[in-house]
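*Asks:* In the numbering used here, the protein residues as written are 688 to 799.
Backbone N, C-alpha and C define an ideal beta-carbon position, used for all residues, glycine too.
Before I ask anything, here is the structure I am working with.
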């Protein structure tokens, strides 16, 4: 009778250990899945950061190009205003229009 009791206790302990082992294996599976998900997310984040840096660089390059064009046009307009005044022609309407345009371009450059 004592051996039967010991056998039952051992079977009960074995079942408890088997249950605990299953729980630990399930936890390990979840942890592996979480690790894989984290690695995937890190790759996605790195990719998005790279795209964002490229887009920012492209935007800055575009603004720089536009700023250069505005400066060139500004210089051209200044020269046009100066040469028109030197000729002694009565270009007051043209001069005022060009001054207005020049002022607008200065504002655009200021916004950039």
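1. Would residue 731 be called buried (16 or more neighbouring beta carbons within 10 Å of its own) or exposed?
2. Measuring alpha carbon to alpha carbon, tell me which of 779, 760 and 740 ends up nearest residue 789.
3. Verify the CB distance criterion: does residue 730 have a CB-CB separation below 8 Å to chain D?
4. How about residue 764 and residue 796: are their beta carbons less than 8 Å apart?
5. CA-CA distance, residue 713 and residue 700?
6. Determine the closest residue to residue 766 out of 727, 754 and 786, with distance taken between C-alpha atoms.
7. Return the CA-CA distance between residue 725 and residue 703, expressed in angstroms with no decimal places.
8. If I measure Cβ to Cβ from residue 742 and keep anything under 6 Å in the same chain, skipping five residues before and after, which residues do I get?
*Replies:* According to the structure shown:
1. exposed
2. 760
3. No chain D is part of this structure, which consists of one protein chain only.
4. no
5. 20 Å
6. 786
7. 33 Å
8. none
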